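As C-alpha cells, the structure follows; a few thoughts come after it.
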Amino acid sequence: MKPFCLLATAKFLALALALLSAVPAHAIVGGAPAAADVAAQTVLIVSTRGASCTGTVLARDLVLTAAHCVGPAGDYAVAIVGDGQPKLVPAARVMVHPRFDADQFQTRRPTPDLALVKLAEPLPARFRVARLSAASGLPEKGATFLLAGYGVTADGAMKSAGTLRSVALPSIGTTGGIMVRLSAPEGAAGACTGDSGGPAFLDGAVAGVVGWATAPGGTRGCGGVTGVTLVSLHRDWITSTAKALGSPLPAAGL
5 MKPFCLLATA KFLALALALL SAVPAHAIVG GAPAAADVAA QTVLIVSTRG ASCTGTVLAR
65 DLVLTAAHCV GPAGDYAVAI VGDGQPKLVP AARVMVHPRF DADQFQTRRP TPDLALVKLA
125 EPLPARFRVA RLSAASGLPE KGATFLLAGY GVTADGAMKS AGTLRSVALP SIGTTGGIMV
185 RLSAPEGAAG ACTGDSGGPA FLDGAVAGVV GWATAPGGTR GCGGVTGVTL VSLHRDWITS
245 TAKALGSPLP AAGL
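The working numbering applies: residue 5 is where the sequence shown begins, and numbers increase by one.
See the structure below:
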C-alpha cells in the first residue's frame, strides 16, 4: 500500500470562509450525510496553509484530530458551518503526540497520528462532547467502524468538500499494533482528502482517528483502504494532555 496524507490542497480564502459558503453537500467516498448525533460531535478544521481536516469534540473547547493535520507551522481554526454565515473559532494551542513521526508516510512505520487542539473559545451549544472508547487492545477482524469527515467524495474533487458525511466500514486487520485498516468488500468506500483527523466510532464511542487512505489495490487515491489510529492505546496521553490544557475530560469520556 502507498498511504498518503489526507490534507485538502484547495486554497482557502480567509481561512476557507469563501469556499465553505459555496461547496455542495458531499464528502467521504461511498458515504451518506452524517446523522445529527455524529454531526454534533464532529468539526471542520481549516488553516492558513490552505488545508482542511476533520476533528472530534472532546470538550467544548478541545478537539481531537490527526497530528499530520496540525503539525506543520500555521494558524488553525474550527470552521462552524450550518449556522448561517460560517464562523471561525481559532486554535489557542496545539499539542501533537510526542511519538508522532511526520515521515511515517514515507517510512511506512506507523506512529500515533494524534493531536489535541485547544480552542480560544467554547464551541456553540449545538456541539456535544464525544465519548472515548473504553475498549482495550486491538479490535476483532470484521468489527464495524463508522467514519465521519468533511472531505471530498473522490480524489481530486475539491469542490465536493465541506459537508459532513459518514460511512460504515469493517476492520480487515491492523498495522504496527496501533492502527486498524478498514475497507468495504463490496466496492469503493472510505476516507478521502479532508477526512484526516475525523472520528472512527465503534459502538457509539470514538475508537480511532482517521489518518490515511489508498485507492483499491493499494495505489494512491481513495476508496480502497482507510487507516485509523486507535485511541484506546493512547488514552492516557489524551486525558493527561487535555487536563494540562485546562480542558479535563468528563468521567463519561474516559
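Beta carbons: idealized from backbone N, C-alpha and C, even for Gly.
Quick caveat: nothing in here was measured; it's all calculated off a predicted structure.
Handout entry: For Ser56, the residue or residues it bridges with in DSSP
Key = Val50
Problem - Helix, strand or coil at Ser170 according to DSSP, with G and I counted as helix - result: strand
Practice task
Keeping to the same chain, check which residues put their C-beta closer than 6 Å to that of Thr148; ignore five residues upstream and five downstream.
Solution key: Ala172 and Pro174
Handout entry: Local Cβ density within 10 Å of Ala26, reported as buried at 16 or more and exposed below that
Key = For Ala26, the pLDDT reaches just 36, beneath the cut-off of 50, and the residue's location in the model is therefore unreliable, although a value from the coordinates is still provided. Classification of Ala26: exposed, given that the 10 Å Cβ count is below 16.
Exercise for the section: With Val74 as the anchor, note down where its beta strand (DSSP E) starts and where it stops. Expected result: Here Val74 belongs to no beta strand (DSSP E); instead the alpha helix (DSSP H) covers Ala71 to Val74.
Handout entry: alpha helix (DSSP H) segment containing Lys247, residue limits
Key = Arg239 to Ala248
Practice task
Take every Cβ of the stretch 125-139, pair it with every Cβ of the stretch 99-116, and state whether three or more of those distances are shorter than 8 Å.
Solution key: no
Exercise for the section: With a 10 Å radius around its C-beta and 16 neighbouring C-beta atoms as the bar for buried, classify Thr69 as buried or exposed. Expected result: Flag for Thr69 reads buried.
Problem - Straight-line gap, Thr52 to Thr243 (C-alpha atoms, nearest Å) - result: About 28 Å.
Handout entry: Buried/exposed call for Pro76, threshold 16 Cβ in 10 Å
Key = exposed
Practice task
Could you tell me the distance, in whole angstroms, from the CA atom of Ala29 to the CA atom of Tyr154?
Solution key: Unreliable positioning characterises Ala29 in this predicted model, as indicated by a pLDDT of 35, which lies under 50. The coordinate reading is nonetheless provided below. Between Ala29 and Tyr154, the C-alpha separation is close to 10 Å.
Problem - Paired residues, beta bridge with Thr178 - DSSP - result: Val184
Handout entry: Bridge-paired residues (DSSP) for Ile32
Key = Note: Ile32 sits in no beta bridge, so no partner.
Handout entry: Thr178 versus Ala193 - alpha carbon distance
Key = 18 Å
Exercise for the section: Quick one: grab the DSSP three-state call for Thr148. Expected result: strand
Handout entry: Alpha-carbon to alpha-carbon, Ala211 and Lys93
Key = Sequence inspection shows Val at residue 93; the Lys mentioned does not correspond to that position. Going by the C-alpha atoms only, they are around 25 Å apart.
Practice task
Measure the C-alpha to C-alpha separation of Ile49 and Val82 and round it to an integer number of angstroms.
Solution key: 5 Å
Handout entry: Pick from Ala39, Gly146, Gln45 and Tyr80 that is closest to Ser56, judged by C-alpha positions
Key = The residue among Ala39, Gly146, Gln45 and Tyr80 with its C-alpha nearest the C-alpha of Ser56 is Tyr80.
Handout entry: Proximity of Gly59 and Gly222 at Cβ, strictly below 8 Å
Key = It is not a contact, given that the beta carbons lie outside the stated cut-off.
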